[in-house]
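Have a look at the structure below before the remarks.
Structure (C-alpha cells):
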C-alpha cells in the first residue's frame, strides 16, 4: 500500500477540522461542521468494521467526507456510484485535490465494464473484413484505426463515436464473449492492464452496474473472469439506486439480442475454408431460424408492446411459446455438442454460452420460483424475457455481506419521513421485524442550505385530481403560467412518458423560450442546450436524479404527480403481493416510502448551491388533500409553502408575502 500503516495515520479531525490540512483546499466548502460530522461517522465505520447508513443533504461535501477516511483506513476500498458523471468527478476532480493539496500518497484506479474497452483480439478479426451497418458508420473506421494504434487505455470515451455506433459491439467484449486467460493477446489486453493496476490500488472507483456484474460473475463461479480484485470495504454513493441496479444482475434473462450476438460470433469463429465450417454453419443457421421464429411471435403471444413497457410472464401464455423455446434449446444443445469436441478457446466459449442460455430458458419456462418475478419487455427492436429476484436483500446477504465487513451506504435520500427502516430492510440490513442483522449505524447530516429562504414549495389546490380526465390539460395551463413567473428556466418532470409528451404538445407553442424534450437529443446535449439560454425542459425518469444545474439556469422545477411506482409494473406488483402474503401493509411499508424518496430526488434538482433560489411546484393536489400527503411533506426540505399563485410570484420577485403555509 502507498499509505503508511493505519496506526500511524492522522484522524479525519486533523485533516477536515478547523485548521486542518484540507481547510485551504476546500475554500469553496464553507460548511465544516456537516462535512466533519459525516467524515467522523465513516471513520468510525472503518474502525469498527461495521455498516453505516449516511444520509447527507445537498451541499455537505459528502464525497470528500467519505474519501478522506477511506484513504486513511489503510485498506483497499471500492467506491461505487450510480452514474459515470459522479465516477468521473471523483476520479478526475476530488482525488487529485486530495493528493495534490493534502500530500496523501495513494493509488486509485477508474474501472468501467468490459464493453467500454477495445478488445484487441476482436479488433484484429474485425480488421480483416470490416463490415458496417451503414456508410455513415464506415466513415469512422479510419479515425478508429488510428486511435487503436496509439491509445494507452483502449477506453471508448477517448473517441468521438456516436452512441448508436453498432460496430462497437464487434470491437469490444463482455463477460459472455471474453476468452479470459486463453486469449492470445491476454497480456496486452486493456482490461487485463486495468485489472492489474486495480490489484495494487488503494481505491477502486466503479459504478453500480460494474460492481454487481462482477458480484454476479463471482456467484456463478466465474470470479477469475471478473474485473475487480479482492477488496476490503465498499462505499456505495447514490445508494438509493442500488436495489434496481442489483436486481438487474441477480436473475435470469434471455433476449433476441443475446441470441443474435451468439449467432454472429459463432459464424465468425471459423474460416469458411475450414473443413468443419459446413457443419458449424448449418447448426448456427438452424439456431438463427428457430430464434427468429420465437422472438417474432413472442410479443403477440405475451401481449407485449413497446408502449406498454413490461408485462408479467403468465404461465398459460408462456406455454404457447413452449414449442418454439424447446426448438431453440435443442438447437443450442446441438451447437454445444459440436463445440465441446473442439479445442479452440473461441469454440469452448461458445459451449459455455450455449449452456448458460439453455439454463436461463429452463428457469424461465418453469415460472415457479416464489422469490422471483417473471416478466417480459420490448426495448427498441429487442425482446427480453426475464426473471428477477423480488427482493435483493437475500442476494446481498449471501453474496456481499458475508465477505466484506465494512460497507457505507450514502445518498442525499436514504431516509423516508426521517427513518432509515425502509432502505435498510430493502438492502437486507434489517430483518422482517426491523432488527439489524449486522452492526448497523445511521447518521443524517442535514444540508447547510437555507431552504426556507432559498426555495418555495407551490401546492396548487385548484387543479383536478390526476386520475380525472382533463388533468394533463389543466397541468399544461399551469406549466405555462409558472414559466411566466420565472422566465422559463424550468425542468418539468413527469412520472410517465405519455403525460410528458401530451403536456409538451399542449404547451410548447405557448412558451416563448427554448423548449426541449427528453429523447430528442442525448441527455448531455439537452443539458448543454438548457444551460445555454432560458429554456423549459420536459423530461421523465432519468432527469429526476443525478442532474446538476446550479445557478440561474434552473429556477423552477415542476412535478406533475406524486411518483408512485405503477402497480402494473410486474416487479412492483410482485413486491406488493409478497408483502401482503407476509401480512404486511404494502402501501405504507413499500409504495409510500419509495415514492417519498423519489419525490425528494426530484425536489433535489433545484437547490444545488448556497446562492441558488427557486420554486418547486407539485401539481398533484393529493399531497394536500390526502392523509398520506403529510408523509411526503415531512420528507421534503423545509421550503416556504403556498397555495396562492399571486403570493408565489411575489415571493419569487422579492416582494412582501403574507400567506405562509404550515
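Numbering (the UniProt record's numbering), first residue to last: 1 to 662.
Glycine included, every Cβ here is placed at the ideal spot set by N, Cα and C.
With a cut-off of 8 Å on the beta carbons, I'd call residue 479 and residue 502 a contact; round off their distance for me. Residue 479 to residue 502, Cβ: 11 Å. No contact.
Excluding the five sequence neighbours on either side, which residues of its own chain have a C-beta within less than 8 Å of the C-beta of residue 322, listed in chain order? Residues of the same chain with a CB within less than 8 Å of the CB of residue 322, apart from the 5 flanking positions on each side, are 365 in chain order.
Note down, in chain order, each residue of its chain lying with its Cβ closer than 8 Å to the Cβ of residue 28, except the 5 sequence neighbours on either side. Here the model assigns residue 28 a pLDDT of 41, short of 50, so the residue's position is not dependable, and the following value carries that caveat. Cβ contact annotation for residue 28 (same chain, cutoff 8 Å, sequence separation greater than five): none.
Tell me, please, whether the segment 230-249 touches the segment 402-411 by the rule of three or more beta-carbon pairs shorter than 8 Å. Because the criterion of three Cβ pairs below 8 Å is met, the segment 230-249 and the segment 402-411 touch.
Cβ-based burial, residue 450 [other Cβ within 10 Å; buried from 16]: The residue in question, residue 450, is exposed, as its Cβ has fewer than 16 Cβ neighbours within 10 Å.
Tell me the rounded alpha-carbon separation between residue 186 and residue 227. About 13 Å.
Could you give the distance in angstroms between the alpha-carbon of residue 255 and the alpha-carbon of residue 564? Take the alpha-carbon of residue 255 and the one of residue 564: they are about 29 Å apart.
Is the beta carbon of residue 239 sitting closer than 8 Å to the one on residue 212? Residue 212 sits away from residue 239, with the two beta carbons spaced by 8 Å or more.
Can you give, in chain order, each stretch of the alpha helix (DSSP H) that sits fully within the segment 82-128 and has at least 4 residues? Every unbroken stretch of the alpha helix (DSSP H) spanning 4 or more residues and falling wholly within the segment 82-128 is given here in chain order: 84-89, 95-102 and 120-128.
Return the bridge partner residues of residue 558 from the DSSP annotation. Looking at the DSSP assignment, residue 558 forms a beta bridge with 492 and 617.
Nearest neighbour of residue 75, chosen from 242, 123 and 106 [CA to CA]: Nearest C-alpha to residue 75: 106.
Compare the Cα-Cα distances from residue 174 to each of 243, 258 and 47 and report the closest residue. For residue 174, the nearest C-alpha among the options comes from 258.
Touching or not, the segment 577-596 and the segment 526-533, by the rule of three or more beta carbon pairs under 8 Å? These segments do not touch.
Beta-carbon contacts of residue 4 that lie in its chain and below 7 Å, excluding the five residues immediately before and after: With a pLDDT of 35 at residue 4, under the threshold of 50, the modelled position of this residue cannot be trusted; read the value that follows with caution. Cβ within range, chain order: n/a, list empty.
Ordered along the chain, which non-local residues of its own chain (more than five positions away) have a Cβ less than 8 Å from that of residue 311? Contacts found: 302, 303, 304, 375, 376, 377 and 570.
Tell me which residues share the same chain as residue 526 and place their Cβ nearer than 6 Å to its Cβ, disregarding the 5 neighbours each side in the sequence. 516, listed in sequence order.
Using the rule of at least 16 other Cβ atoms within 10 Å of the residue's Cβ for burial, across every protein chain shown, is residue 63 buried or exposed? With 16 or more other Cβ atoms inside 10 Å of its own Cβ, residue 63 counts as buried.
Is residue 155 helix, strand or coil when you go by DSSP? DSSP places residue 155 in the strand class (E or B) of the three-state scheme.
Given a cut-off of 8 Å on the beta-carbon distance, is the pair residue 542 and residue 523 in contact? Between residue 542 and residue 523, the gap from beta carbon to beta carbon is short of 8 Å.
Count the other CB atoms within 10 Å of the CB of residue 344; is the residue buried (16 or more) or exposed (fewer)? Per the 10 Å Cβ criterion, exposed.
For residue 158, collect the residues of the same chain with a Cβ closer than 7 Å to its Cβ; drop the 5 residues on either side in sequence, then sort them by chain order. Cβ within range, chain order: 147 and 151.
Output needed for residue 499: all residues of its chain with C-beta closer than 7 Å, excluding positions within five of it in sequence on either side, in chain order. The beta carbon of residue 499 sits closer than 7 Å to those of 472 and 560, all from its chain and outside the five residues before and after it, given in chain order.
On the DSSP bridge list, what partners appear for residue 535? According to DSSP, which records beta bridges pairwise, residue 535 is partnered with 514.
For residue 607, the three-state DSSP class (helix, strand or coil): The answer is coil: DSSP assigns residue 607 none of H, G, I, E or B.
Can you give me the Cβ contacts of residue 73 inside the same chain, cut-off strictly under 6 Å, excluding the 5 residues immediately before and after it? Contacts found: 46.
Backbone CA spacing between residue 281 and residue 267 [nearest angstrom]: Distance between the alpha carbons of residue 281 and residue 267 is about 6 Å.
Report all residues from its chain with a CB closer than 8 Å to the CB of residue 363; omit the five preceding and five following residues, and keep chain order. The residues are 252, 369 and 387.
Decide if residue 279 is buried, meaning its Cβ has at least 16 other Cβ atoms within 10 Å, or exposed. By the neighbour-count criterion, in which a residue is buried when 16 or more other Cβ atoms sit within 10 angstroms of its Cβ, residue 279 is exposed.
Should residue 521 be labelled buried (16 or more other beta-carbon atoms within 10 Å of its own) or exposed? The residue is exposed, with fewer than 16 neighbouring Cβ atoms inside 10 Å.
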